[in-house]
Structure formats: C-alpha cells, structure tokens
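Top to bottom, those sequences are chains H and E. First residue of the first sequence? That's 1 in the numbering used here, and the numbers climb one at a time after it. First residue of the second sequence? That's 491 in the numbering used here, and the numbers climb one at a time after it.
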Amino acid sequence: MKEPMTFNRNEYWLAFPLLASGVLGALGIVVSSHFAVNGLIMAAGLIVMTVGLCYWSRNRYRVSLQTIEQGLFEGLQQRNEEVIKALRDAHHEAVSQASARQVEAERNHLKTLSTDLAQRFDALSKRLGGQEEKTERGDLSIEAQITDLAQRFDALIGHLDQQSPSVEKQEQGIDGLDSLCQKVLPIWSSQVEMARVHTEESIADLAQRFDALSKRLDAAVMTSQNAVGGDNDANGGIVELLRDSQLELGTITNALGASLEDKEKLLRSIEDLSGFTEQLSKMASEVSSIAAQTNLLALNAAIQSARAGDAGRGFSVVADEVRKLSRSSGDVGKKITETVESVSEAIEDTLAISRKFARQDEETLGNAERIIDSVLGSFSRAASGLSDSEELLRTENSAINYEISDVFVALQFQDRVSQILALVCDDLNKLEQHLSELKDQQTNEGASRSVNVEQWLEELAKTYTMEEQLTAHDGTKAEIKTDQPSITFF
Amino acid sequence: MAKTILFVEDSASVRQVMNSTLTREGYDVILACDGQDALTKLDGTKIHLIISDVNMPNMDGLTFVKSAKQMPAYKFTPIIMLTTETQEAKMNEGKAAGVKAWIVKPFQPAQLLAAVSQLIQA
C-alpha cells in the first residue's frame, strides 16, 4: 500500500518567491507612480529581480525534489533489504532441508552400494577360493562398512598374490587360444570360401539346366504346335493335311464314280450290240431261207430243162450253177448264223462279265467311300486329340515357364548368401592377420596385447550392403528378404 | 535386328540367370565377370544397354560406369545397376555417374525385362 507523500520542512519556502515577487511588483508600481521614477528603469529592475527570484526558486525546487527522491530511495532500499533478508533466510532454510534429504538419500544409496559391494566381495572370495566371510553388516555405519571393505580388499589382494601362479597359467591358456585362432581361422575361412564357391558353381549349373529344360520344352511345344496347326513357313499342320486328304480322296471317289458311269455306258452299248446280233441272226436265217428257195428253184429249173431235152441243156447248166450258188449261199447263211450265234454268245458272256464287274465296281466304290469316311473320321478325331494335347502342352508350358521364372528369382538368393559368406571370410582373414600382428608386437616390444572390440565391430558394420546383415549384426535373428524387388528410375 | 546388352556380374549363377532371361526375349548378351573385364568388351561394339553389379572384385560397378561414360561411343548408353546395395549414398553416387535405374536383387524377370525394354526404346 502506498504511503501519502509528505512535505519536508523546507517545502514551505517554495511559496516564498511568488509571494516576494508579488510584493515587489506592488511596491514597484507604488514607487513608480508616486516618486515619478522612469517606468523603464523600474520595469528593468523589476524584471531582474523577477529573474533572480525565479532562478533562486528553481534551485530550491530542485533541491526539494532531490530531497524527496532521496527519501523515497532510502525507503525503498530499506524495504528491499528487508525482503531480501527474508528470502535469503527462507532459501537457507530450504537448502538446508534439501541438503539434509539429499545427504540422507546419498547415505542410503552408499549403504546399498556398500552392501552390494560386500556381497560381491563375498562371491569373489568364494570363487577365488578364499575364506567366505558372512557377517551381519546391516547395523554398521557407512564409514565402518567402507573401512571393512578396505580391509577385505587388502585381504583379497593378498589372496590374489598367493594365487598368482594359477593366474599365470590362465594367461598361458589365453596364449594358446591365440595360437589356435591363428591356425584355425584360415582353415575356417578356406572352408567357408570353398562352400561358397561350390554353392555358386552348383547354382549356376542348376540355372543352366533349368534354362535348357525350359528351352527344350519350348521347342517341344513349338513342334507340337507346328504339327497340329502348321508353322509360319507355309507348312501345313495335321489339320491342313486332313483337309487336303479329304479333298484328294473326294477327287478319287469322284473319278471312280465317273469310271463306273463309263462302264455302265459300255454295258449299255454291249446290250445294244446284243440287239444287233439278233438282227444279224434273222438276216442269216433269211439268207438260208433264200438259199433253200433258190436251190428248190434251181431243182425245178433242172427238172424243166431235162424235160426240154437238148434245148434245155444250156438251161440245165445254168440251173446247176444256180443250185451250186444256192448251196453256197446256204452254206454262207449257215456260217453267218453260226458266227452270229458265236458272236451273240461272246457278247452275252461279255455282257455278263461286264454286269458282274459293274456290280463289283459299284460295291468297291461304296466300300471305298465308307472306308475313306471312316479313315478321315479317325484322322479327324486323332487331330482333335492332338490339338487338345497341344493346347494342354502349351498351357503347361506357360505354367512351367512361370515356375522357372520363380526359380530364377530364388536362385539369385545364392548371390546374397555368397556375399554374406565372402564378408565373413574377409573378417576371419582380417582377425587372423590382426592376431599375427599382435603376437609379433608382443614378441618385439613385450607390450600388452589388446583388441578394440567396438572399433572392430564398427568397421565390420561399415562393410555391410544388406539390411539382413545389419540385423544379424545387432544380434537379432535375420531372415533373407524375399520382398518384391525395388526398381528406382533416375 | 537383335539389341545387344552387356551384363557385368561377378556371381556365375546370376550371370547364368540373366543370360537365360535376356536370350529368351531375343536379346544378344555379352557377359563380363567384373569392371575390368567389362572395359575390355567396350571395343566399339554397338551396345544398346549396360546392366552392372556394384560390388565386384578388381573393379567395382560404379568405377566401371564412370569409365564407360568417359568413352564417346558409350556416353549415351543407358545403364542399369543390379545390386544388393541399398545405401542411399551409393544410389546417389550412381545417379551422379549417369545411371538410369537402380534394381535391388533379387530381380523378377518380368519386371527387369519391362525396365530393359523401356530404357532401350527411350
């Protein structure tokens, strides 16, 4: 809360200049009017006095402000000091309490540590074959426990001094391990490298065999496809062959049909010829009949010429000649009849044989058409079966090619395995070389040997190129990645 | 006319797999077992695409790529890196050297062939 401002004792004088100037002004006016002094001189005097009074009053006012300020400053300083003192006291008190709590916590922590350390000493003494001390230390103070631990530490050092020969034996054992590592590491490295090379060669051979298998399968499918459907070089497949065969066999059956028709025409011609032989037979009979009538006529003429005596002697010669001619005509008529009969029999025989052949040809043609239809049907079914087989083969080939593509992906994991093994080999060789260098260094300088494990592991981690290597390096069980490959285009 | 591809890889099995994959698609394939061997193959022969591993003995893939890009005949030949390497620093190094694509093994033949076709036609 603000206190009301009070004037100091000098502050009453602040009104004095104003009062004095008023009195002097009034005195000046009175004097100037009654004593007839020059107004300008009086005014100047009055101004000088007023300026002097103003200057004096300003100084007084400044002194007064300084006094007020000093009073206020002193008051505030006093209050601040009081507040600071109170805060300092409170801080000291809080720090003291916190320190006490911290000291208590530290004491408890130290107590826990010393107890734990004592237990470890017990365990260490027991492992080193020393006498086990089991004393109750819970009631001892920290200082007492630390003193106790120092004593036990001295005792342990003495015990270790006594055990130094056995420690040297252990050091000798570590030397043996180094020698073993130097000898066995190259062997491990060469074994791993040999396994890696064998695997790589086998996988390459396997890939080659898969490739050959795939190509042979492709060739087989192509051959089958060409055999069934034909190739691009205008060589027809079995379907086209079947179609061509059907056309050509149709041509043959048509030719056979045409031949059969020709034979039927021939048969009809022979039958017509048979009709002619009948007519010839009739004509031969008429010739025989004419010859017989002529003979009878010649006989009558001979009889009549004989009756006529010598006058008919010439006529009888003619009659004899006519009778001879009639006998010859009769003989010719008989021969014609016989020949016509023979011809007729031959024609009949030919006709019979031709009819028989015509029936046989008709049957043969019918059989041929049935057989051709049957054979073409069989071929068609076989071609259909082949086409189905070819389609199945093509489908299977596509599936096998897809599988082989997956096999090619799987075979590439050998490369990842090979890189991992190569890195292990390199590190084994590096370790062997490092051990050899350390051994030489110790032999020459007698210096102690050491391996910077963290640096070694860090350098090893830098050589990794795959995520699974880093995962395995961190101690996690790593698996070879089988994700889809990533392609990044720049 | 068949396109020619140079494949650089130290693993015999991956070489065989890649050779089978590419020849089945009708490409002519030239094989090399490391970067030095690959440089001897760059004798002026027309090569339409180079596929290379990164970690190889004698000469690694990125050194080979940088050397190949110095040759006028192969300055503009597209290059694919095929590797187990996934470190971003290596990928950036490859990109700076002029590599067009970075494929992490194992590769799927179909995807690889698509990338090869795309880069050869580009």
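For glycine and all other residues, C-beta sits at the position ideal for the given N, C-alpha and C.
State the DSSP-derived secondary structure class of residue i, mapped to helix, strand or coil.
i: E/Arg-505; result: helix
i: E/Ile-495; result: strand
i: H/Ser-450; result: coil
i: E/Met-549; result: coil
i: E/Asp-524; result: coil
i: H/Phe-16; result: helix
i: E/Thr-567; result: coil
i: H/Asp-388; result: helix
i: H/Thr-199; result: helix
i: E/Val-589; result: coil
i: H/Asp-89; result: helix
i: H/Ile-303; result: helix
i: E/Thr-535; result: coil
i: H/Ser-289; result: helix
i: H/Asp-474; result: coil
i: H/Asp-148; result: helix
i: E/Val-544; result: coil
i: E/Thr-573; result: strand
i: E/Asp-500; result: coil
i: H/Phe-489; result: strand
Measure the CB-CB distance between residue i and residue j and report whether it falls below 7 Å.
i: H/Gln-225; j: H/Leu-376; result: no
i: H/Leu-297; j: H/Ser-354; result: no
i: E/Gly-551; j: E/Ser-542; result: yes
i: H/Gln-151; j: H/Ser-114; result: no
i: E/Pro-568; j: E/Leu-539; result: yes
i: H/Thr-465; j: E/Glu-575; result: yes
i: H/Ala-306; j: H/Ala-319; result: no
i: H/Phe-490; j: E/Lys-565; result: no
i: H/Phe-210; j: H/Val-409; result: no
i: H/Leu-411; j: H/Ala-207; result: yes
i: H/Leu-46; j: H/Gly-28; result: yes
i: H/Asp-178; j: H/Leu-435; result: yes
i: H/Glu-369; j: H/Thr-251; result: no
i: H/Arg-196; j: H/Leu-421; result: yes
i: E/Lys-617; j: E/Ala-587; result: Because chain E spans 491 through 612 in this model, residue 617 of chain E falls outside it and cannot be assessed.
i: H/Ala-358; j: H/Gly-330; result: no
i: H/Ser-418; j: H/Glu-200; result: yes
Can you tell which of the options has the C-alpha that lies nearest to the C-alpha of residue i?
i: H/Phe-243; options: H/Gly-71, H/Gln-433, H/Arg-120 and H/Arg-381; result: Residue 243 of chain H is actually Arg in this sequence, not Phe. Minimum Cα distance to H/Arg-243 is reached at H/Arg-381.
i: H/Arg-416; options: E/Met-571, E/Val-555, E/Val-504 and E/Lys-531; result: E/Val-504
i: H/Ser-342; options: H/Arg-313, H/Ser-281 and H/Val-332; result: H/Ser-281
i: H/Gly-229; options: H/Val-197, H/Ala-346, H/Ala-319 and H/Leu-241; result: H/Leu-241
i: H/Leu-149; options: H/Ser-418, H/Ile-252, H/Ala-118 and H/Ile-29; result: H/Ala-118
i: E/Ala-558; options: E/Met-581, E/Thr-573 and E/Asp-527; result: E/Asp-527
i: H/Gly-475; options: H/Asp-262, H/Thr-488, H/Ala-461 and H/Ile-336; result: H/Ala-461
i: H/Leu-213; options: E/Arg-514, E/Met-549 and E/Lys-585; result: E/Arg-514
i: H/Lys-183; options: H/Glu-468, H/Leu-428, H/Ser-64 and H/Asp-310; result: H/Leu-428
i: H/Gln-279; options: H/Val-340, H/Ala-44 and H/Leu-53; result: H/Val-340
i: E/Val-544; options: E/Trp-592, E/Val-519, E/Gln-608 and E/Ala-492; result: E/Trp-592
i: H/Lys-439; options: H/Ala-123, H/Leu-180 and H/Leu-110; result: H/Leu-180
i: H/Val-451; options: H/Lys-430, H/Glu-467 and H/Leu-470; result: H/Lys-430
What does the Cβ neighbour count give for residue i, buried or exposed, with the cut at 16 atoms within 10 Å?
i: H/Cys-425; result: buried
i: E/Gln-611; result: exposed
i: E/Phe-554; result: buried
i: H/Glu-171; result: Caution is warranted here: a pLDDT of 48 is assigned to H/Glu-171, below 50, making its placement in the model unreliable, and no coordinate value can be reported.
i: E/Asn-509; result: buried
i: H/Leu-87; result: exposed
i: E/Gln-506; result: buried
i: H/Asp-373; result: exposed
i: H/Tyr-402; result: exposed
i: E/Phe-497; result: buried
i: E/Ala-604; result: exposed
i: H/Pro-17; result: buried
i: H/Asn-108; result: exposed
i: E/Asp-524; result: buried
i: E/Ile-495; result: buried
i: E/Leu-572; result: buried
i: E/Lys-584; result: The sequence given here places Gly at residue 584 of chain E; Lys does not occur at that position. So E/Gly-584 counts as buried.
How close, in whole Å, do the beta carbons of residue i and residue j come, if the pair is a contact with beta carbons under 8 Å?
i: E/Thr-511; j: E/Pro-599; result: 5 Å
i: H/Asp-361; j: H/Leu-260; result: 5 Å
i: H/Leu-393; j: H/Val-221; result: 5 Å
i: H/Glu-432; j: H/Pro-186; result: 6 Å
i: H/Ser-274; j: H/Thr-337; result: Wrong, their Cβ atoms sit about 16 Å apart, outside the cutoff.
i: H/Leu-351; j: H/Glu-271; result: 6 Å
i: H/Ala-294; j: H/Val-322; result: According to the sequence shown, residue 294 of chain H is Thr rather than Ala. At roughly 6 Å, the Cβ-Cβ gap stays under 8 Å, so H/Thr-294 and H/Val-322 are in contact.
Consider the Cβ of residue i: report whether some Cβ of chain B lies at a distance smaller than 7 Å.
i: H/Asp-244; result: Considering every chain present, this structure includes no chain B. Its protein chains are H and E.
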